[in-house]
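J.:
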Amino acid sequence: MSALDDELAQGIAAAKLGQRDVARQHLQNVLRTDPRHETAWLWMSGLVDTPAQKRDCLQRVLALNPGNEMARRGMEQMAQSEAASFLSVFEPRTPPPAPVVIAPPPLSETPEAVIISEPLPIGIADVPQPSQLPAGAAPSAAPALDLPPPSKITDAPCVFCGAPTGMDGICDTCGIEQIFDCPLCSHPLDLRERKVCECGQSMLPFLVSGGVDHNKLGDEYQKRDYPGAAVKQWKAALATSPKPSQLHRKIAEVYLDLGMIEQSRQHNELSKQK
Ligand SMILES: [Zn+2]
Ligand SMILES: [Zn+2]
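Residue numbers for the sequence shown follow this note's numbering, so the first one is 233 and each next one is one higher.
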């Protein structure tokens, strides 16, 4: 089970919750590591801004796997919606009422893709097309990405071991993360700054001496419907858990909910091991 699966799970979970920006960020992280990730491109196709970007994503999926049924259907739907939009130009206009005024132009069909206003951070158009690459070659250049701004805090002491920490929010000394999404409102909460979120949610119930109660925090995320974050915490709990099979079972259930069948199966297997 890799960090890539974590990112993918968080991306899919966010997409299902309609958190498009969050979802795109996670999927971009996946695609930066693995530009040939079929599932990530497929989910990204539902999150991009324009029909052209959507088509680009779907074409990538089909280039990687011509048998991908979802991508094929997506392309067909796009073709249909474009045809309908094109044909609507020729629909007879309703007769203008008297006195004669200029009738407004017919509205084009609602595009199939949801258009959202912010610019897409990923330079999808800049990524080399699979068709432009030599056969069998993986795209060497990862997409240019706008990474989130690093935390303001540098050299602030680790909440858990007191050693100076860097910008990435993970303590190099004890390895424990310092920044968590608030389980209530999902805003990032830097424990070096504060342990109670602006929304009132305290992180103290999840902090134990020398670390984080990853199992308890994971349960809280799951209760609040942040399955991707829950899986991440449960995986962190695996390292020290006396009951790893319970954790694997919970992880398997979330993966199943997210449609990540293979990952779910793997954790189901692991949950049966003693
Ligand atoms: Zn530390
Ligand atoms: Zn909060």
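Where a beta carbon is used, it is the ideal one built from N, C-alpha and C, also for glycine.
#1: Kindly indicate the opening and closing residues of the alpha helix (DSSP H) around P459.
#2: So is the beta-carbon of C414 under 6 angstroms away from any non-hydrogen atom of ligand 1?
#3: Would you say L263 and A255 are within 7 angstroms of each other, going by their C-beta atoms?
#4: Let me know if L290 comes out buried or exposed under the rule of 16 or more other beta-carbons within 10 Å of its beta-carbon.
#5: On the criterion of 16 or more Cβ atoms from any shown chain inside 10 Å, does D378 qualify as buried, or is it exposed?
#6: Span of the beta strand (DSSP E) holding P420?
#7: Please determine whether the Cβ atom of T472 lies at a distance below 6 angstroms from any heavy atom of ligand 1.
#8: Skipping 5 residues on each side, what residues in its chain have a beta carbon closer than 7 angstroms to that of D266?
#9: Taking 6 angstroms as the limit, tell me which residues put their C-beta closer than that to any heavy atom of ligand 1, in chain order.
#10: Please report the residue range of the beta strand (DSSP E) in which D413 lies.
#11: Does any heavy atom of ligand 2 sit closer than 6 angstroms to the C-beta of Q251?
#12: Are the CB atoms of L490 and A241 nearer to each other than 7 angstroms?
#13: Which residues mark the beginning and the end of the alpha helix (DSSP H) in which L296 is found?
#14: Please list the terminal residues of the continuous alpha helix (DSSP H) segment that includes D451.
#15: At what residues does the alpha helix (DSSP H) containing H258 begin and finish?
#16: Distance, Cα to Cα, T282 vs P389?
#17: What I want to know is whether the C-beta of Q419 ends up closer than 6 angstroms to one or more non-hydrogen atoms of ligand 2.
#18: What residue range does the alpha helix (DSSP H) around N500 cover?
#19: Alpha carbon to alpha carbon, how far is H480 from R304? Give it in angstroms, no decimals.
#20: Output needed for E494: all residues of its chain with C-beta closer than 6 angstroms, excluding positions within five of it in sequence on either side, in chain order.
#21: What I want to know is whether the C-beta of C429 ends up closer than 6 angstroms to one or more non-hydrogen atoms of ligand 2.
#22: Are the CB atoms of G443 and I408 nearer to each other than 7 angstroms?
#23: Return yes when at least one heavy atom of ligand 4 lies under 6 angstroms from the C-beta of Q410, else no.
#24: Quick one: grab the DSSP three-state call for L490.
#25: Confirm, please, whether the CB-CB distance from L259 to G243 is below 7 angstroms.
#26: Using a Cβ-Cβ cut-off of 8 angstroms (strictly less than) and excluding sequence neighbours within five positions of C429, which residues of its own chain qualify?
#27: Please determine whether the Cβ atom of Q433 lies at a distance below 6 angstroms from any heavy atom of ligand 2.
T.: On the basis of the coordinates in this document:
#1: Your numbering for residue 459 matches position 227 in the sequence shown. It spans 459–470 - the alpha helix (DSSP H) in which P459 sits, taken as one unbroken run.
#2: Against the sequence shown, residue 414 aligns to sequence position 182. Distances taken from the Cβ of C414 to the heavy atoms of ligand 1 include none shorter than 6 angstroms.
#3: One-based indexing of the sequence shown puts residue 263 at position 31. One-based indexing of the sequence shown puts residue 255 at position 23. Against a cut-off of 7 angstroms, the Cβ pair of A255 and L263 comes out as no contact.
#4: On the sequence shown, residue 290 is found 58 positions in, with the first residue counted as 1. Per the 10 Å Cβ criterion, buried.
#5: Within the sequence shown, numbered from 1, the residue matching residue 378 stands at position 146. Its pLDDT being 48, under 50, D378 is placed unreliably by the model, and the measurement read from it follows with that caveat. Its Cβ having fewer than 16 others within 10 Å, D378 is exposed.
#6: As a first step, residue 420 is located in the sequence shown; it is residue number 188 there, counting from the start. Boundaries of the beta strand (DSSP E) harbouring P420: 420–422, taken from the DSSP string.
#7: The residue you call residue 472 lines up with position 240 of the sequence shown. Flag unset: Cβ of T472 not near ligand 1.
#8: What you label residue 266 is simply residue 34 of the sequence shown in a count that begins at 1. Within the same chain, Cβ atoms closer than 7 angstroms to the Cβ of D266 are found at L236, the five residues on either side in sequence being excluded.
#9: Each of C390, F392, C393, A395, C403, T405, C406, I408 has a C-beta closer than 6 angstroms to some heavy atom of ligand 1; these make up the full list, in chain order.
#10: Walking along the sequence shown from the start, residue 413 turns up at place 181. Membership of D413 in the beta strand (DSSP E) is indicated by the continuous run 411–413.
#11: Numbered from its first residue, the sequence shown carries residue 251 at position 19. It does not: the Cβ of Q251 is nowhere closer than 6 angstroms to a heavy atom of ligand 2.
#12: Indexing the sequence shown from 1 puts residue 490 at position 258. Indexing the sequence shown from 1 puts residue 241 at position 9. Yes, these two residues count as a Cβ contact at 7 angstroms.
#13: Here the question's residue 296 lines up with position 64 in the sequence shown. Per DSSP, L296 belongs to the alpha helix (DSSP H) from 283–296.
#14: Counted from its first residue, the sequence shown places residue 451 at position 219. First-last of the alpha helix (DSSP H) with D451: 446–455.
#15: For this step, residue 258 is matched to residue 26 along the sequence shown. For H258, the enclosing alpha helix (DSSP H) has its first and last residue at 252–265.
#16: Here the question's residue 282 lines up with position 50 in the sequence shown. Here the question's residue 389 lines up with position 157 in the sequence shown. Roughly 44 angstroms between the two C-alpha positions.
#17: Taking the first residue of the sequence shown as 1, we reach residue 419 at position 187. Gln is not the amino acid found at residue 419; the sequence shown has His there. Relative to the non-hydrogen atoms of ligand 2, the Cβ of H419 comes within a distance shorter than 6 angstroms of at least one.
#18: Residue numbering aside, residue 500 sits at position 268 when the sequence shown is read from its first letter. Taken as a continuous stretch (DSSP letters only), the alpha helix (DSSP H) holding N500 covers 493–504.
#19: Locating residue 304 in the sequence shown gives position 72, counting from the first residue. Locating residue 480 in the sequence shown gives position 248, counting from the first residue. Using only the alpha carbons, I get a separation of about 34 angstroms.
#20: Start at 1 with the first residue of the sequence shown, and residue 494 comes out as number 262. If we look at E494 and ignore the five residues flanking it on each side, it has no Cβ neighbours.
#21: By one-based count along the sequence shown, residue 429 stands at place 197. Taking 6 angstroms as the cut-off, one finds at least one heavy atom of ligand 2 near enough to the beta carbon of C429.
#22: Here residue 443 is taken as the residue at index 211 of the sequence shown, counted from 1. Here residue 408 is taken as the residue at index 176 of the sequence shown, counted from 1. Cβ distance < 7 angstroms, so G443 and I408 count as in contact.
#23: Of the ligands this structure carries, namely ligand 1 and ligand 2, none is ligand 4.
#24: Position 258 of the sequence shown, counting from 1, holds the residue named residue 490. For L490, the three-state secondary structure derived from DSSP is coil.
#25: For the purposes of this step, residue 243 is identified with residue 11 of the sequence shown, where counting begins at 1. For the purposes of this step, residue 259 is identified with residue 27 of the sequence shown, where counting begins at 1. In contact: G243 and L259 (Cβ atoms closer than 7 angstroms).
#26: On the sequence shown, position 197 is the one that residue 429 refers to. Closer than 8 angstroms at Cβ, skipping near neighbours: C414, L416, C417, H419, L421, M435.
#27: Taking the first residue of the sequence shown as position 1, residue 433 is located at position 201. Checking every heavy atom of ligand 2 against the Cβ of Q433, one is found closer than 6 angstroms.
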